[in-house]
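Chemist:
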Amino acid sequence: MEHLKQMWGNPVEEPPSYPRGILQTKDYNRFQLLSDTGDLLLEFEGSKKANRCFPGDHVGWVNDQCVLELRDQYPPIVGTLELTSKSTYGMTKRGNMMYLFTPYDKRYPHFIVGSSEKDRSQNRIVLITFEDWKGTFPRGSIQQTLGSSGEEKAEREALIWQACPWRYPVYDYEVKLHSTAERRVITGYTFHIDPEGCKDVDDVFTFEPVEEGWRVIITISDVAAYVEDGDAVDIMASLIGQTLYDINGRVIRPMLPSAYSEQACSLLPGKDSYGISFPFLWTGKEIIKEQWFHSKLRVSDSYTYEEFQDADSPYKKPLRDLASYLAKELVEDSHQWVEQMMIFYNTEAGRLLKQSGMGILRRHSAPNRERLAKYEEHVPELRQLAFSSAEYCLSEEKDTQHYGLETDTYAHASSPIRRYADLVNQRVLSLLIQGSPYRFIVPQAMYDMNVRGKAIKRYARDVCFLNAILTGQTEYDGIIMEVLPKSAGWVKLKVYVPEWKRMVSTTYRALSDNVLLSRDETHEIDSTLYRSVRIKCAFSPNARNWKERVVVQLT
């Protein structure tokens with residue numbers, strides 16, 4: 001430092017000696033401080049130590065508490081305006097009463113917000129934005145009222161905002177091709193297989209008979225050719241993370257504006273399109289002569305899964321045989337044909353990413369062996385519950401093994417219209433195909449990507465719960481999957497509900513092993529593992545989120 005001072009004649013600011021990073025939490029009680037690359041720096045408990053900082057904020061750790069360095073750009077926050085509570089929190093400058101606001105997302109603390117609403121007979125679901133945090137609670141301002149708590153339309157809209165709080169403004173987007181990569185023109189019969197009505201087509205197959213067998217090309221839309229790294233659309237896409245669909249496959253929140261996702265980037269028939277292509281030769285017995293290139297193509301036909309399954313097409317048999325070869329077993333369903341081709345493309349793309357030490361891979365840890373063995377013995381149809389969820393990791397990490405696919409080079413690269421990880425990986429693939437010496441740095445932490453993925457899964461779960469409540473049905477069949485001890489003689493029961501395809505939890509007082517006391521304390525309940533039970537569910541509208549709103553008990 002002294003040498004630098006002498007050289008430049010100006011004092012040099014020494015780096016701080018305290019930990020600095022990004023604050024993260026799941027419940028605003030237990031916190032982590034992560035580095036910009038996602039490494040864990042420290043953990044602590046207690047909201048007071050967070051010192052008025054939110055998840056996503058850049059903070060320093062000084063004197064056993066957070067010190068704010070840079071606030072994150074927070075999205076709108078959806079939650080419940082507690083109008084029915086007797087407590088109020090003062091008045092705004094405009095003379096409106098201030099009420100407690102409870103975010104659906106438990107990562108955030110309670111807020112206080114002003115409201116001119118006079119009817120306090122029921123709570124409201126509202127969207128707020130953060131204003132400041134000078135007192136006990138942070139202040140927010142209401143941007144939109146979605147409706148009353150418990151109303152179907154309002155609740156559905158709230159789940160969408162919770163799953164994806166970002167959306168594109170209404171705007172005439174001008175889509176331009178930015179890529180200058182040299183491209184080969186694809187010949188042969190090119191088609192895609194997708195659900196009926198699909199507009200965001202990002203994968204197609206080309207089959208062309210040759211002397212040795214079939215020349216096959218898997219082409220993925222070159223979205224990176226249209227969306228420049230770091231531009232406004234790219235930044236918004238990184239925040240959204242992946243397209244949100246409803247249970248019927250309808251797009252609710254696209255990762256890219258429709259001008260990109262359903263027009264310029266979509267590989268629909270009848271127009272020139274651009275792709276990242278993976279060609280190979282299928283001899284009928286093996287795959288040889290693999291390579292990669294940038295492509296230009298015109299798609300010949302569109303099929304739904306059912307249409308291609310029933311089609312009298314000369315390309316159906318080679319696709320079926322190829323998919324069966326990849327799956328190492330006979331595959332007869334068109335959905336699985338497409339799935340195997342995508343797994344193949346993603347695995348080969350991941351191989352390039354891992355070799356280069358750039359991009360994002362998808363890893364999947366081995367299951368709990370003891371739990372898996374028990375499930376296979378008692379409820380083999382539910383063996384998948386013994387597996388953990390897959391997660392994103394950097395290709396340069398040591399552990400990239402995907403247990404389910406038996407490879408350490410699996411990547412998401414086949415859906416760049418719908419997933420941001422695929423778009424990132426496509427940029428890396430493009431550099432590698434061109435032989436560029438440039439090193440691509442992933443612009444987003446894996447923690448954030450994994451959080452977005454979990455939010456999408458949570459949306460599907462919560463919609464399932466909401467739909468179950470709306471049917472009016474109150475009793476369902478279930479299977480006891482786990483009994484976990486809690487404190488003071490209580491246990492947590494995990495019950496799988498086949499009709500929901502979801503696990504739910506409830507608590508009971510344990511009398512002895514495999515014996516519980518009923519809620520009304522009138523009889524005993526057999527809690528033997530993997531026993532079929534009948535559950536009764538109720539709806540608690542004042543609970544913070546849908547996982548907590550569905551209250552179940554054994555009948």
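Residues 1 to 555 in the UniProt record's numbering are what the sequence shown spells out, letter by letter.
Glycine included, each C-beta is placed from N, C-alpha and C at the ideal position.
Pick out the complete beta strand (DSSP E) segments inside the region 269 to 344, 3 residues or longer, and give them in chain order.
Modeler: Counting whole runs of 3 or more residues, the region 269 to 344 contains the beta strand (DSSP E) stretches 272 to 282, 293 to 298, 301 to 303.
Chemist: Beta carbon of Asp422, beta carbon of Ser414: below 8 Å?
Modeler: Indexing the sequence shown from 1 puts residue 422 at position 422. Indexing the sequence shown from 1 puts residue 414 at position 414. Yes, the pair counts as a contact, with Cβ atoms nearer than the cut-off.
Chemist: For Phe44, which residues from the same chain have a beta carbon less than 7 Å from its beta carbon, with the 5 sequence-adjacent residues on both sides left out?
Modeler: Numbered from its first residue, the sequence shown carries residue 44 at position 44. Phe31, listed in sequence order.
Chemist: Output the distance between the C-alpha atoms of Val251 and Leu244, rounded to the nearest integer angstrom.
Modeler: Along the sequence shown, one-based indexing puts residue 251 at 251. Along the sequence shown, one-based indexing puts residue 244 at 244. Roughly 6 Å between the two C-alpha positions.
Chemist: Pick helix, strand or coil for Arg156, following the three-state DSSP scheme.
Modeler: As a first step, residue 156 is located in the sequence shown; it is residue number 156 there, counting from the start. Here Arg156 sits in helix by DSSP.
Chemist: Hey, which unbroken runs of the alpha helix (DSSP H) at 4 residues or more fall wholly within the region 9 to 81?
Modeler: Complete alpha helix (DSSP H) runs here, min 4: 47 to 50.
Chemist: With C-beta atoms as the reference, is Pro76 less than 8 Å away from Gln143?
Modeler: On the sequence shown, position 76 is the one that residue 76 refers to. On the sequence shown, position 143 is the one that residue 143 refers to. A contact, by the Cβ cut-off of 8 Å.
Chemist: Within 10 Å of its beta-carbon, does Asn63 have 16 or more other beta-carbons around it, so buried, or fewer, so exposed?
Modeler: Numbered from its first residue, the sequence shown carries residue 63 at position 63. Classification for Asn63: exposed.
Chemist: Under three-state DSSP, which class holds Pro209?
Modeler: The sequence position of residue 209 within the sequence shown is 209, counting from 1. Pro209: strand per DSSP, three-state reduction.
Chemist: Using a 10 Å radius around the Cβ and a threshold of 16 neighbouring Cβ atoms, would you call Glu548 buried or exposed?
Modeler: The count along the sequence shown starts at 1 and reaches residue 548 at position 548. Exposed.
Chemist: Quick test of your reading: residue 612 and Gly472, contact by CB under 8 Å. State the CB separation rounded to the nearest angstrom.
Modeler: The requested residue 612 does not occur in the structure, where the chain is confined to residues 1 to 555.
Chemist: Could you please give me the residues that DSSP links to Gln144 through a beta bridge?
Modeler: To locate residue 144, count along the sequence shown from 1; it is residue 144. Per DSSP, Leu127.
Chemist: Out of Thr80, Gly90, Arg124, Arg519, state which residue places its alpha-carbon closest to the alpha-carbon of Pro109.
Modeler: Taking the sequence shown and counting its residues from 1, one reaches residue 109 at position 109. It is Thr80 whose Cα lies nearest to the Cα of Pro109.
Chemist: Assuming Leu484 and Val491 form a contact by the criterion Cβ under 8 Å, report the distance between their Cβ atoms to the nearest whole angstrom.
Modeler: Within the sequence shown, residue 484 is the residue found at index 484, counting from 1. Within the sequence shown, residue 491 is the residue found at index 491, counting from 1. Right, their Cβ atoms sit about 6 Å apart.
Chemist: Under 6 Å Cβ to Cβ from Glu482, same chain only, skipping five residues before and after it: list those, please.
Modeler: To locate residue 482, count along the sequence shown from 1; it is residue 482. If we look at Glu482 and ignore the five residues flanking it on each side, its Cβ neighbours are Lys494.
Chemist: Could you pull out every residue in the same chain whose Cβ sits closer than 8 Å to the Cβ of Asp27, ignoring the five residues on either side in sequence?
Modeler: Against the sequence shown, residue 27 aligns to sequence position 27. Closer than 8 Å at Cβ, skipping near neighbours: Lys106, Arg107.
Chemist: Ala386 to Asn514, Cα distance in whole Å?
Modeler: Stepping through the sequence shown from its first residue, residue 386 is reached at position 386. Stepping through the sequence shown from its first residue, residue 514 is reached at position 514. The alpha-carbon atoms of Ala386 and Asn514 are separated by roughly 21 Å.
Chemist: Residues in its own chain within less than 7 Å of Gln65 by CB, not counting five upstream and five downstream?
Modeler: The sequence position of residue 65 within the sequence shown is 65, counting from 1. Taken in chain order, the residues that qualify are Lys49, Asn51.
Chemist: Less than 8 Å between C-beta atoms, sequence neighbours within five positions excluded: which residues of the same chain meet that for His378?
Modeler: Residue numbering aside, residue 378 sits at position 378 when the sequence shown is read from its first letter. Leu529, Tyr530.
Chemist: Within the same chain, show all residues whose beta-carbon is closer than 7 Å to that of Leu353, passing over the 5 residues directly before and after it, in chain order.
Modeler: Counted from its first residue, the sequence shown places residue 353 at position 353. If we look at Leu353 and ignore the five residues flanking it on each side, its Cβ neighbours are Gly359, Leu361, Ser395, Ala411, Asn425, Val428.
Chemist: In this structure, what does DSSP give as the bridge partners for Trp166?
Modeler: Here residue 166 refers to the residue found at position 166 of the sequence shown. According to DSSP, Trp166 bridges with nothing at all.
Chemist: Work out the CA separation of Val552 and residue 557 for me, nearest whole Å.
Modeler: This structure leaves residue 557 out entirely; the chain is present only between 1 and 555.
Chemist: Can you tell me which of Leu470, Asp526, Trp500, Ala460 puts its alpha carbon nearest to the alpha carbon of Cys164?
Modeler: Within the sequence shown, the letter at position 164 stands for residue 164. Nearest option by C-alpha distance: Ala460.
Chemist: Could you check whether Trp292 and Ile433 sit closer than 8 Å to each other, using their CB atoms as the reference points?
Modeler: Working through the sequence shown from its first residue, we reach residue 433 at position 433. Working through the sequence shown from its first residue, we reach residue 292 at position 292. Their beta carbons are under 8 Å apart, which means Ile433 touches Trp292 by this criterion.
Chemist: Can you list, in chain order, the residues of its chain with a C-beta nearer than 7 Å to that of Arg544? Leave out the 5 residues immediately preceding and following it.
Modeler: Numbered from 1 along the sequence shown, position 544 holds the residue referred to as residue 544. The answer, listed in chain order, is Thr102, Tyr104, Lys106.
Chemist: Check this for me: beta carbons of Tyr260 and Val175, under 8 Å apart or not?
Modeler: Position 260 of the sequence shown, counted from the start, is the residue given in the question as residue 260. Position 175 of the sequence shown, counted from the start, is the residue given in the question as residue 175. For Tyr260 and Val175, yes; Cβs fall inside 8 Å.
Chemist: Can you tell me which of Cys265, Cys53, Thr180, Ser87 puts its alpha carbon nearest to the alpha carbon of Asp72?
Modeler: Start at 1 with the first residue of the sequence shown, and residue 72 comes out as number 72. The candidate whose alpha carbon is nearest that of Asp72 is Cys53.
Chemist: How close, in whole Å, do the beta carbons of Ile217 and Thr206 come, if the pair is a contact with beta carbons under 8 Å?
Modeler: What you label residue 217 is simply residue 217 of the sequence shown in a count that begins at 1. What you label residue 206 is simply residue 206 of the sequence shown in a count that begins at 1. With 8 Å as the limit, Ile217 and Thr206 qualify as a contact, their Cβ atoms being about 4 Å apart.
Chemist: Would Asp200 and Arg452 be called neighbours here (beta carbons separated by less than 8 Å)?
Modeler: Position 200 of the sequence shown, counted from the first residue, corresponds to residue 200. Position 452 of the sequence shown, counted from the first residue, corresponds to residue 452. No, these two residues do not count as a Cβ contact at 8 Å.
Chemist: Could you have a look at Met7 and say whether DSSP puts it in helix, strand or coil?
Modeler: Locating residue 7 in the sequence shown gives position 7, counting from the first residue. Reliability fails at Met7, whose pLDDT of 40 lies under 50, so the model's placement of it is uncertain and the value that follows must be treated cautiously. Of the three classes helix, strand and coil, the one that applies to Met7 here is helix, per DSSP.
Chemist: Just to confirm the assignment: which complete alpha helix (DSSP H) runs, minimum length 4, are found wholly within the region 411 to 472?
Modeler: Those alpha helix (DSSP H) runs which fall completely within the region 411 to 472 and span 4+ residues are 420 to 434, 446 to 470.
Chemist: Look at residue 627 and Asp234 and say whether their C-beta atoms are less than 8 Å apart.
Modeler: Because the chain is modelled from 1 through 555, residue 627 falls outside the range shown and cannot be assessed.
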